[in-house]
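Colleague:
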Amino acid sequence: MVYGKACHLPVEIQHKSYWAIRTCNLNFENGATERLFDLNELEELRSNAYSNMEIYKAKTKQYHDSHVIPKEFHKGDKVLLFDSQLKLFLGKLQSRWKGPYEVLEVYPHGAVLIKDLNTDYTIKVNGHRLKPLHENLVGKTIEQLTLCPIT
């Protein structure tokens with residue numbers, strides 16, 4: 008094959024190419040309608056997938072919201088603060104919660120002003136980083152029962 012010269016095909020290949028051209032030219036309208044049907048079917052599949060995705064998202068949100076326990080803090084509550092910087096150098100048994108802190112003020116949209124009970128240091132933090140401190144369990148003596156061995 009030389010650049011700029013006409014391409015001479017063998018008779019068999021030339022006949023097949025003429026047949027393909029003639030077939031396409033004769034069924035132009037049928038091909039166009041078939042293509043439109045395919046496009047409509049594709050659009051229908053796309054809309055069904057979109058509606059299924061919306062249903063899935065709604066069910067997932069409902070499931071998640073039903074398992075979320077809302078935290079409400081009031082002035083004077085004792086809380087613990089999650090130490091997010093401790094994740095990098097966490098010891099095996101080291102707690103990630105610092106405290107105790109006292110709630111001074113609760114702002115709208117989840118912000119909370121807290122005061123460290125040991126140093127009187129005040130800081131405004133996101134309410135998601137806090138959890139209530141249950142003092143009734145801290146420092147209380149637990150009754151011990153001794154069991155006699157069965158003989």
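Under our numbering, the first residue of the sequence shown carries the number 8, and numbering increases by one thereafter. We put the beta carbon where it would ideally sit given N, CA and C, even for glycine.
#1: Could you check whether Thr129 and Lys138 sit closer than 8 Å to each other, using their CB atoms as the reference points?
#2: Starting from the Cα of Asn107, find the closest Cα among Leu87, Leu49 and Gln101 and give me that residue.
#3: Whose C-alpha, out of Leu152, Arg136, Cys155 and Thr153, is nearest the C-alpha of Glu79?
#4: CA-CA distance, Lys82 and Leu140?
#5: By the DSSP assignment, the beta strand (DSSP E) with Glu109 in it spans what residues?
#6: Who pairs with Asn133 in a beta bridge, going by DSSP?
#7: Is Leu152 helix, strand or coil when you go by DSSP?
#8: Find the nearest neighbour of Lys105 within the set Val113, Ala118, Asp90 and Gly117, judged by alpha-carbon distance.
#9: Can you list, in chain order, the residues of its chain whose CB lies under 7 Å from that of Val110, leaving out five sequence neighbours each side?
#10: So, at 6 Å on beta carbons, what are the nonlocal neighbours of His74 in its own chain, with the 5 sequence-adjacent residues on each side left out?
#11: Step through the CB atoms of chain B and report whether any lies within less than 8 Å of the CB of Val110.
Modeller: In terms of the structure at hand:
#1: Position 131 of the sequence shown, counted from the first residue, corresponds to residue 138. Position 122 of the sequence shown, counted from the first residue, corresponds to residue 129. Taking 8 Å as the Cβ cut-off, Lys138 and Thr129 do not qualify as a contacting pair.
#2: Your numbering for residue 107 matches position 100 in the sequence shown. Reading off the sequence shown, one finds Pro at residue 107, where the question assumed Asn. The shortest C-alpha separation from Pro107 is found at Leu87.
#3: Walking along the sequence shown from the start, residue 79 turns up at place 72. Here the closest residue by C-alpha is Arg136.
#4: Your numbering for residue 82 matches position 75 in the sequence shown. Your numbering for residue 140 matches position 133 in the sequence shown. Each residue's alpha carbon lies about 14 Å from the other.
#5: Residue 109 sits at position 102 when you count from the first residue of the sequence shown. First-last of the beta strand (DSSP E) with Glu109: Trp104 to Val113.
#6: In the sequence shown, counting from the first residue as 1, residue 133 sits at position 126. Note: Asn133 sits in a beta bridge opposite Ala118.
#7: The sequence position of residue 152 within the sequence shown is 145, counting from 1. Coil.
#8: Sequence index remark: in the sequence shown, residue 105 carries index 98 (1-based). Cα-wise, what sits closest to Lys105 is Asp90.
#9: Taking the first residue of the sequence shown as 1, we reach residue 110 at position 103. These residues qualify, in order along the chain: Phe80, His81, Lys82, Gly83, Asp84, Val86, Val119 and Ile121.
#10: Indexing the sequence shown from 1 puts residue 74 at position 67. None.
#11: No chain B is part of this structure, which consists of one protein chain only.
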